[in-house]
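Before any comments, here is the structure.
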Ligand code: SF4
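Numbering (the numbering used here), first residue to last: 1137 to 1322.
What follows is the structure, encoded as structure tokens:
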């Protein structure tokens, strides 16, 4: 694999995927794409964006020094209305989370294709709290729809290591998953 368009949900979930990918192949070109219209409120969206920016600036502290530096793109719109419209149609928490993954993964696959990337993936695959199976099946659907490959790796195996690194790097760790429903415990 030459390059990877990697959807980043937040900084703590990005550490281990970046570490394992770049340790295996330091020449791999990775672009992190911050697209998370689910995050509420906008100040929290900004806070997670700043944490990811800090992480990318600190990459020398946890990634191999040789090779291609990881880049990040914060240009995606904050489509809060789009997320809320989709979430409002869901009849259960599971359905809402599926809609949330679907929105972000389809946008990622489409953006990867538009930019000429051969593969996309997501740091959502690091989370032990999300439905891993739903994320994988929706990412496969998004790949087929956009005619671009989905790179799968079960990043959950590095959960302990990623968590420890987030503390060592003093990265902001959010208290709720992201949306207003999750914040309210719904
Ligand atoms: S709880 Fe998390 S995954 Fe589920 S809809 Fe809210 S932000 Fe998305």
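Beta carbons: idealized from backbone N, C-alpha and C, even for Gly.
* Kindly identify the DSSP beta-bridge partner or partners of residue 1139. => 1165
* Among the residues of its own chain, which have a CB less than 6 Å from the CB of residue 1174, if the five just before and after it don't count? -> 1219, 1236, 1314, 1315
* Asked: Which same chain residues, not among the five before or five after residue 1092, have their C-beta less than 7 Å away from its C-beta?
  -> The chain is shown from 1137 up to 1322; residue 1092 falls before or after that span and cannot be answered.
* Thinking just about the alpha-carbon of each residue, which of 1293, 1257, 1255, 1305 is nearest to the one in residue 1192? -> 1305
* Asked: What three-state label does DSSP hand residue 1251 in the structure shown?
  -> coil
* **Continuous alpha helix (DSSP H) assignments of at least 4 residues falling wholly in the stretch 1181–1253** => 1216–1225, 1229–1250
* **Reference residue 1273; option with closest CA among 1244, 1247, 1234** => 1234
* Asked: Residues with a Cβ closer than 5 Å to any heavy atom of the ligand SF4, in chain order?
  -> 1174, 1232, 1233, 1236, 1313, 1314, 1315, 1318
* To do: Closer than 6 Å by C-beta to residue 1187: which residues in its own chain qualify, once you throw out the five before and the five after it? Chain order, please.
  => 1147, 1307, 1308
* Asked: If you count every other CB in all the chains shown that lies within 10 Å of the CB of residue 1303, and 16 or more means buried, which is it?
  -> exposed
* For the alpha helix (DSSP H) containing residue 1153, list its first residue and its last residue. => 1147–1160
* In or out: residue 1318 buried (at least 16 other Cβ within 10 Å) or exposed? -> buried
* Could you spell out the range, first to last residue, of the alpha helix (DSSP H) harbouring residue 1302? => 1295–1304
* Within 8 Å, strictly: CB atoms of residue 1207 and residue 1167 -> yes
* To do: Report all residues from its chain with a CB closer than 7 Å to the CB of residue 1238; omit the five preceding and five following residues, and keep chain order.
  => 1274
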